[in-house]
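Student: Please find one structure pasted underneath; my questions will follow.
Residue numbers (the numbering used here), protein chains in the order written: chain P, 1 to 344; chain E, 1001 to 1344.
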């Protein structure tokens, strides 16, 4: 098939560091090329791909700090104009850019599907609702339930996938500490992770970035608790450092405080044989199976009480679960099937 | 006629303080209503108008400082969705929003005209060129010459107008100082204004805001020269303060350092009987007539040498020139004629 992938312009595809959407777009694009499809990737100019690359920026906009944010809109529009110019060359256009693309795509007389990678916030809900007839893909059943299930035309739920080959299973390493990995913020439950670890008397390693919006949370809630009491903050980490952190982690702590629509970090942990301690919010139950690949609790206290059950969880079961349900090849096959169905 | 006016969302219509485009949109909208047209204004929710108001924001986005700039795009799109919903109710849609609206308007099957209020910068030029078949209005001949005259479909040049009734002519006041009014920045030539006034030994008053982007210019070039040597900076001014400044000004200094496409401040000065000392850039010669309503020079030195000629310029000639060429009723009539022509 002739397929266009439309990525967000914030980061390159794949991203240099952070960028879950851009990572998924990269895996999908490369996988489709390898399966013989003719793929064109619309993304930032420093993106690395075997597909044909169409771009209007040198690099991801978040790296172009000299560019006022007010102008991002122009680059989105220019990328969409390039897409429009070529629209008749594709059997299907796959939009990962978000609401920014919808009012444009509505006017294209060709097959289109949009994956919603982010929750639909109030300020942009009208834009989604205005495009309610376009086909959407949810990244989890929880995502769909939380984001206008009756109003939008969801045609499939397709979980994000990772390249599980890149994540070794660690069976010989000594599992020494609990791990919190992700953005340090109230939503992700960084403070709850510290409280759980301290209550259990187990060392906690925290890795991830602090966004400007979460600076106050970090300064007031987290910073006073690190360095002492067996809590260490290792800062932002690259891929190799991340694997090293997983390799010696007893479990990943995910006491999330909001209805997370998906969690790539959970899938990565499982692939390395690391079980998960998580609160039952959003898509958690779709990724983690209680007692088999982790412990799911209603409250922090649940997790503390049931912590010992972790020792009964098999690292191999965790990895097999990740491969079976969240491998990129799985994701690619599902999108391939969906494209075919939409083009019938 | 049934007319839609599409304003930018940065400021209310009319603006609370700054916002040349929003001021022009307001004068045009109210004038058209008063002439019996059925007008719908698409603008921020705190806009004040006799037309029907359609809005998606409580106030101008520049005032909603809690709203991340990244989201402005969503509000623009939502306003355009509201416009699209009603598009069949209008004989013509008049776009003042800029490039943001163009990719949407291209798909509307109705009469559209866009006034370009700002120079077309490189980052958004492709968006204009992609809409080259839409009719555009230039705000001066200089604007047109400087902004893709051969590529874009300019259907008219219509000067911005002001409500000259609001600007009294001051004939009895003692004219005491030279005046610089506008954004303090390199483009507008604030430093050159100081150098001219000091060379002539005449007191200079400077009024206007300092944008964040011009902070360094202000600190390094301007601040060391104010407070001493007969140079006073009075800060930002409201409408009444502005009139008071004009009333005692010998002349307005406009030693602009770029090809300004128009200059509302020049027209305001003329309406109060204040002549202009300006450098020959952009649309200056379309607004000021050398020796009749001001002195136009090629260099600062020209203006200093010819300064004495100012005394021969009649305040009444200045005002008559403003009324004849730059009154809002004139502007409204020209747009009215253009709408009719486009709807034939």
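We put the beta carbon where it would ideally sit given N, CA and C, even for glycine.
Provide the residue span of the alpha helix (DSSP H) that contains residue 1116(E), from first to last.
Tutor: Element bounds for residue 1116(E): not the alpha helix (DSSP H) but the beta strand (DSSP E), 1112-1116.
Student: Curious, which full-length alpha helix (DSSP H) runs of at least 4 residues does the segment 1213-1256 of chain E contain?
Tutor: 1239-1247
Student: Once you ignore the five residues that flank residue 1313(E) on each side, which residues in its own chain have a CB closer than 6 angstroms to its CB?
Tutor: Non-local C-beta neighbours of residue 1313(E) in its own chain, meaning closer than 6 angstroms and more than five positions away in sequence, comprise 1275, ordered along the chain.
Student: Of all the residues that make up the segment 55-72 of chain P, which are near chain E by a beta-carbon distance shorter than 9 angstroms?
Tutor: Listed by position along the chain: 56, 67, 68, 69, 70, 71 and 72.
Student: For residue 1042(E), collect the residues of the same chain with a Cβ closer than 6 angstroms to its Cβ; drop the 5 residues on either side in sequence, then sort them by chain order.
Tutor: 1006, 1054, 1079 and 1083
Student: Would you check if there are 3 or more beta carbon pairs closer than 8 angstroms linking the segment 95-104 of chain P to the segment 6-20 of chain P?
Tutor: yes
Student: When you compare each of 110(P), 119(P) and 242(P) to residue 99(P) by their alpha carbons, which one comes out closest?
Tutor: 119(P)
Student: If you drop the 5 nearest sequence neighbours on each side, which residues of the same chain put their C-beta closer than 7 angstroms to that of residue 1021(E)?
Tutor: 1008, 1096 and 1117
Student: Consider the C-beta atom of residue 1062(E) and the heavy atoms of the ligand NAD; say whether any pair is separated by less than 7 angstroms.
Tutor: No copy of the ligand NAD appears in this structure; indeed no ligand is present at all.
Student: Could you confirm whether any beta carbon from chain E is found closer than 8 angstroms to the beta carbon of residue 183(P)?
Tutor: No - not a single Cβ of chain E is within 8 angstroms of the one on residue 183(P).
Student: Whole angstroms is fine: what's the gap from residue 1347(E)'s alpha carbon to residue 220(P)'s?
Tutor: Examination of residue 1347(E) is not possible in this model, given that chain E is present from 1001 through 1344 alone.
Student: In three-state DSSP terms, what is residue 294(P)?
Tutor: strand
Student: What residues in its chain sit with their C-beta under 6 angstroms from that of residue 146(P), if we drop five residues either side in the sequence?
Tutor: 259
Student: Take residue 49(P) as the anchor and find which of 30(P), 304(P), 63(P) and 239(P) has the nearest alpha-carbon.
Tutor: 30(P)
Student: Once the 5 residues before and after residue 103(P) are set aside, which same chain residues still bring their CB inside 8 angstroms of it?
Tutor: 127, 130 and 131
Student: For residue 103(P) and chain E, any beta-carbon pair shorter than 8 angstroms?
Tutor: It does; some Cβ of chain E falls within 8 angstroms.
Student: In whole angstroms, give me the CA-to-CA distance for residue 1317(E) and residue 1330(E).
Tutor: 18 angstroms
Student: Between the beta-carbon of residue 195(P) and the beta-carbon of residue 300(P), is there less than 8 angstroms?
Tutor: yes
Student: Have a look at 1244(E), 1303(E) and 1266(E) and flag the residue whose alpha-carbon is nearest the alpha-carbon of residue 1162(E).
Tutor: 1266(E)
Student: Report the neighbours of residue 1124(E) on chain P: residues whose CB is nearer than 7 angstroms to its CB, in chain order.
Tutor: Here the neighbours are 74.
Student: According to DSSP, is residue 106(P) part of a helix, a strand, or is it coil?
Tutor: coil
Student: Using CA coordinates, which residue listed in 282(P), 229(P) and 308(P) is at the minimum distance from residue 291(P)?
Tutor: 308(P)
Student: Given 8 angstroms as the limit, is there contact between the segment 216-235 of chain P and the segment 177-186 of chain P, that is, 3 or more CB pairs closer than that?
Tutor: yes
Student: Among all the DSSP beta bridges, which residues are the ones paired with residue 327(P)?
Tutor: Residue 327(P) is bridged to 162(P).
Student: For the segment 1-19 of chain P, list every residue whose C-beta sits within 7 angstroms of some C-beta in chain E, in sequence order.
Tutor: none
Student: Comparing the C-beta of residue 1080(E) with each C-beta of chain P, is any distance below 8 angstroms?
Tutor: Yes - at least one Cβ of chain P is within 8 angstroms of the one on residue 1080(E).
Student: Which partner residues does residue 1154(E) have in the DSSP bridge list?
Tutor: 1136(E)
Student: For a contact defined as C-beta to C-beta under 9 angstroms, what are the partners of residue 1099(E) on chain P?
Tutor: 73, 74 and 77
Student: Rounded to whole angstroms, what's the CA-CA distance from residue 24(P) to residue 1058(E)? Just pull it up for me.
Tutor: 37 angstroms
Student: Residue 40(P) by DSSP, collapsed to three states: which one?
Tutor: strand
Student: With distance defined between alpha-carbon atoms, name the residue in 1241(E), 1239(E), 1244(E) and 1284(E) nearest to residue 1261(E).
Tutor: The candidate whose alpha carbon is nearest that of residue 1261(E) is 1284(E).
Student: Looking only at its chain, what residues have a beta carbon closer than 8 angstroms to the beta carbon of residue 1081(E), apart from the 5 residues adjacent to it on each side?
Tutor: Taken in chain order, the list of residues that qualify is empty.
Student: Excluding the 5 residues preceding and the 5 following residue 1033(E) in the sequence, name in chain order all residues of the same chain whose CB lies nearer than 8 angstroms to its CB.
Tutor: 1039, 1049, 1050 and 1051
Student: Rounded to a whole number of angstroms, what is the C-alpha to C-alpha distance between residue 1150(E) and residue 153(P)?
Tutor: 44 angstroms
Student: Out of 160(P), 76(P) and 212(P), point me to the one whose CA is closest to residue 345(P)'s CA.
Tutor: No answer is possible for residue 345(P): it lies beyond the span of chain P, which begins at 1 and ends at 344.
Student: By Cβ distance, which residues of its chain are closer than 7 angstroms to residue 106(P), with the 5 residues on each side in sequence left out?
Tutor: 131 and 134
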